[in-house]
Every structure is written in structure tokens, then in C-alpha cells.
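Numbering (this note's numbering), first residue to last: 2 to 68.
What follows is a single structure, written as C-alpha cells, with notes after it.
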């Protein structure tokens, strides 16, 4: 897991907490911020996963070229 994946998961968690807090306090704006944070976290996590998979693919190609 790389830094982007960890940061993305953290943002998702932060968004879920904001949503729950907004629901408990009837603060629609806080809830909406939570939705945005969660969505941004998902995007960042997927970006990180893509970077990691690309790096792994490049390493695999490098290993095959060395043979």
C-alpha cells in the first residue's frame, strides 16, 4: 500500500465521521462536506492503487527483460 492509498483511506474515514456528525447534529453542510471528503478519498485511493499496479507491472517487465 502506498502513501496515496493510505491518504485516500484516511480521507474516506474522515468523510464518514463528518457525515455521521452532520446527521447527529442535523448539520446538512457538515454532512455534505463528509460526502465530498469520502468521494475525494476514494479517488485518491484508486489513483494510488493504479500507481502501485503500474509500478508492479513495470517491475515485472524489468524482471522478464533481465532473463
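Positions of the beta carbon are idealized from the N, C-alpha and C atoms, including for glycine.
For clarity, every value in this text was computed on a predicted model and none was experimentally measured.
* Asked: Given a threshold of 16 other Cβ atoms within 10 Å of its Cβ, counted over all protein chains shown, does residue 63 qualify as buried or as exposed?
  -> With fewer than 16 other Cβ atoms from the protein chains shown falling within 10 Å of its own Cβ, residue 63 counts as exposed.
* Count the other C-beta atoms from every protein chain shown that fall within 10 angstroms of the C-beta of residue 30, then say buried if there are 16 or more, exposed otherwise. => exposed
* Asked: Considering residue 61, what are the terminal residues of the alpha helix (DSSP H) in which it resides?
  -> 29-67
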